[in-house]
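The opening position of the sequence shown corresponds to residue 31 in the working numbering, with each subsequent residue numbered one higher.
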Amino acid sequence: MIITLILTIVVTIIAVMFSLENVTIIRITFFGYPVDGSSGLLMLIALGVGVLLGIILMIPSLIGNSWALMRHKRRIAEFEQTPPRKTAKKKS
Numbered sequence: 031m032i033i034t035l036i037l038t039i040v041v042t043i044i045a046v047m048f049s050l051e052n053v054t055i056i057r058i059t060f061f062g063y064p065v066d067g068s069s070g071l072l073m074l075i076a077l078g079v080g081v082l083l084g085i086i087l088m089i090p091s092l093i094g095n096s097w098a099l100m101r102h103k104r105r106i107a108e109f110e111q112t113p114p115r116k117t118a119k120k121k122s
């Protein structure tokens, strides 16, 4: 978890430094609408949109995994509460 946080901070700092260095004004057309802005800012926005899309696409699998984990924990708790079966002793 701490490594992920450090990596996120490093990537954010690099992205901000990159956007501050690229101040050339460019025009992009997005679904027929022209947008003017600095190249660094537009790339930073694209990075943010990509991160948000990645998080949104991960949510269903995270929810499914947490539900499966809850089911498994519930089954383990049920198994721990049931008394062990008595086995028949073998006659020799």
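Every residue gets a Cβ at the ideal spot worked out from N, C-alpha and C, and that includes glycine. Computed from a prediction, not measured in an experiment: that's the story for all the values here.
Stretch-stretch touch, CB-based, cutoff 8 Å, three pairs: the region 38-53 with the region 69-82: yes
Candidates Leu74, Phe60, Glu108 and Met100: closest to Thr42 by CA position: Leu74
Residue interval of the alpha helix (DSSP H) (run including Pro114): No alpha helix (DSSP H) contains Pro114, which DSSP labels as neither H nor E.
Endpoints, the beta strand (DSSP E) within which Phe60 is located: Ile55 to Phe60
Backbone CA spacing between Ala98 and Glu108 [nearest angstrom]: 15 Å
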